[in-house]
Structures are given as C-alpha cells and as structure tokens.
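Asker: Sharing a structure below in structure tokens format, with a few things to ask.
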Amino acid sequence: MYYGALEAGGTKMVLAVMDEEGNTVSRISVPTRTPDETMPAMLDYYRGFSLAALGIGCFGPLDLNPASETYGSITMTPKLPWRNYPILSVFEKELSIPAAIDTDVNGAALAEAELGAARGTSVSLYVTVGTGIGGGLIMNGKPVHGLMHPEIGHISVVPAPEDPSPDGFCPYHAHCLEGLAAGPAIEKRWGQSAKELPPDHPAWDLESGYLAQLCAAALLSFSPERIILGGGVMQQKFLFDSIREKTLELLNGYIPARLLGHLDNVIVEPGLGTASGITGAYLLAKGAALGTPDRRG
Ligand code: ADP
Ligand code: ZN
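Using our numbering, the first residue of the sequence shown is number 84, and each one after it goes up by one.
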C-alpha cells in the first residue's frame, strides 16, 4: 500500500510516495509557480503510483473549518495565484482518492509528536524559523485548529532597545515575531544573508531574545512539554543555548525549576531533522486512508 505525501511550500513543492512502514519509495521537488503550471505536474507524478490516499502539509493560511464550503482551500496568501485555491478538493477529484490537509507546521508538529522529538508528550509545539515563522501545536496527539489555526509567528513581541529596526518588517503588524525574527527580517535589518553573519554578530543576540519571548509566551500559554525549533535560521545551533537562557530569565522562576531544568529537554531541535514536514504529510495520508471521520482532528 502506497501513500502520497505533499509538502506544499511557497517556494517549492516536495512530493513523495511512501510505503506502509514510512519508507520513501520516490521523491521529487518542483518549483511553486502558478496552479495552472504546477498542479498538472504534481497530478502526473502521483498518477504514476497506485496510492491509497494523499496527505498535504500546506503553506497557509488555510480554511480548515470542516463545515465550510471552501474547506481545504488556501485563503489569503500573498502568493496571489494560489489565493482561494481549493487545493484539497482538486487533488481529491483528480486522483479519486481520499486526501487530508493541514498546515505545513501542523503536519511537522504531528510528525515530531508521533515519531520525533516530542514522542511521549501530550502537549508540544513545533516552530519553524525560516522565510516566515509558523507554529503547530499538538494537544493529546492532535493538531489544534479551533477558530482557524494558530498563527504564533505573528504574536507581538517587545522590541529590543538596541534593535535598529524595532518595528520589524511584517506588512500586517508592527513588531510581530515574524517581522522581527524570520530569515528575511534578519537580512533586511543587517543587509546581509543570515547564513553569512558570524556567531558574534549582534544579529544573534536580538534573534535569541525574540525567540525566547516566543518560548516564554508558549510555556505560559500552552504548557508544552517540548518546544521544537526548526527551519533554516535554527541551523545556527548556538542559538539554542542562548534561547534557553533568556527564556529562563523571562520566566523569572515563575514555572518551577524542577519542571524546566535548564530547558535542554524542553526547547529542542527537530528529531526528524528536515524530514518533519514530509513525514507529517505522510501521517495525514495514513489518517485519510483510515477515513478519520472528523477532519479537524
Ligand atoms: P522556508 O521557510 O522557505 O521553507 P527555510 O526554513 O530554509 O525555508 O528558511 C529560509 C530562511 O532561512 C532564509 O531567510 C535564509 O536566510 C534562512 N537560512 C537558511 N539557512 C540558514 C542558515 N544556515 N543560517 C541562518 N539562516 C539561514
Ligand atoms: Zn505579523
């Protein structure tokens, strides 16, 4: 039995076919252009296999209200050709197989909770710090949806006094986390690629401070046992220790130390490396094949 997995990103689409055990049978990636250009290529690829179901971890925001007529559509993305695109129903109709969709980060969070760094926990948060900042929250084995889905990248954080761009660069919000701490914000602020900034550059002190504000807010809001930080920017591994240190400073002893330790086991790297996203899509496909009745999970 094969399952189709799609990690639909704003820059590229990663398509995989996996077997019952989760082994990858085939995998390709195609650039994200318009639906007219990109959808036929993806459909052709999946038609080459006999699939039981398809799972999609998709950039958002998405309509994930199962009562909505536009369930499974991409909504107000800045990628204009994809705005209001009914990606789930097109795949379902064209491939005539069950399909399931969730946000890319909810998918990654699910994979980390089932198979990665958050195994055995009841509440965990997966955050990607890359082109944007997004988070997927798992409670009791299921991604949280609610009114829409969490958009934790856009919470307001307190700008550092020494930040030369204290309002950040989000077109929607002054000093939101994504606008201050996503990869492009670092690059706009310093006029240099984040990859090339040396570890002693002041960029990183700001970065760990902003991500610590996220971690403290998340610990106080949801009480996660694990906060997994992934994405391109977190390739700078030295950030982890300073994020942990600053999170403890911000909490100021309010959450008992015996629960937090030094946060080494709370604020962690992804257990699945860069495979969390595609593995999440695979798990969504498995759920769709079983005919999970409540699509909200
Ligand atoms: P996406 O978010 O588009 O899926 P990534 O998670 O790779 O992709 O994030 C891309 C962003 O992360 C870019 O802004 C890039 O500058 C930044 N980035 C990628 N690799 C690194 C790195 N090694 N160190 C710091 N920043 C990085
Ligand atoms: Zn914002």
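Glycine is no exception: its CB is placed at the ideal position from the N, C-alpha and C atoms.
Can you tell which of Asn335, Asn223, Pro339 and Ala201 has the C-alpha that lies nearest to the C-alpha of Val349?
Answerer: Selection Asn335, Asn223, Pro339 and Ala201 evaluated against Val349 yields Ala201 as nearest (Cα-Cα).
Asker: Is the stretch 323-331 touching the stretch 272-286 in the sense that three or more CB pairs, one from each, lie closer than 8 Å?
Answerer: no
Asker: Secondary structure at Ala200, three-state DSSP: helix, strand or coil?
Answerer: The three-state reading of DSSP puts Ala200 in coil, since its state is none of H, G, I, E or B.
Asker: How is the beta strand (DSSP E) around Lys95 delimited, first residue to last?
Answerer: Lys95 -> beta strand (DSSP E) spans Lys95 to Asp102.
Asker: Is the distance from the Cβ of Thr94 to the Cβ of Leu145 below 7 Å?
Answerer: no
Asker: For Asp246 versus Leu312, is the C-beta distance shorter than 7 Å?
Answerer: no
Asker: Nearest by alpha-carbon distance to Cys141: which of Tyr337, Gly336, Ser306 and Leu171 is it?
Answerer: Minimum Cα distance to Cys141 is reached at Leu171.
Asker: Examine the ligand ZN and report whether any of its heavy atoms sits within less than 6 Å of the Cβ of Gly218.
Answerer: no
Asker: So, is His228 buried or exposed, given that buried needs 16 or more other C-beta atoms within 10 angstroms?
Answerer: buried
Asker: Indicate, with yes or no, if the ligand ZN has a heavy atom lying under 6 Å from the CB of Tyr425.
Answerer: The question about residue 425 has no answer, for the chain in this structure spans 84 to 380.
Asker: Would you mind sorting Thr362 into buried or exposed? The rule is 16 or more other CB atoms within 10 Å of its CB.
Answerer: buried
Asker: Taking C-beta to C-beta, are Glu261 and His237 nearer than 7 Å?
Answerer: yes
Asker: Counting only the same chain and skipping the five closest in sequence on each side, list residues whose C-beta sits under 7 Å from that of Pro366.
Answerer: Note that residue 366 is Leu in the sequence shown, not Pro. The residues are Gly138, Leu193, Ala194 and Glu197.
Asker: Which word fits Lys176, buried or exposed, when buried means at least 16 other C-beta atoms lie within 10 angstroms of its C-beta?
Answerer: exposed
Asker: Go ahead and pull the three-state DSSP assignment for Met231.
Answerer: coil
Asker: Given the structure, does Pro267 come close to the ligand ADP, in the sense that its CB is under 6 Å from one of the ligand's heavy atoms?
Answerer: A heavy atom of the ligand ADP is found nearer than 6 Å to the CB of Pro267.
Asker: Comparing the C-beta of Pro123 with each C-beta of chain B, is any distance below 7 Å?
Answerer: Of the protein chains in the structure, only one exists, and it is not chain B.
Asker: May I ask which residues mark the beginning and end of the alpha helix (DSSP H) holding Gly121?
Answerer: One point to set straight first is that residue 121 is Thr, not Gly, in the sequence displayed. First-last of the alpha helix (DSSP H) with Thr121: Pro118 to Arg130.
Asker: Tell me whether Val316, by its Cβ, gets closer than 6 Å to a heavy atom of the ligand ADP.
Answerer: yes
Asker: Cutting at 8 Å between CB atoms, please list the residues of its own chain near Met159, excluding the five before and the five after it.
Answerer: Pro144 and Arg166
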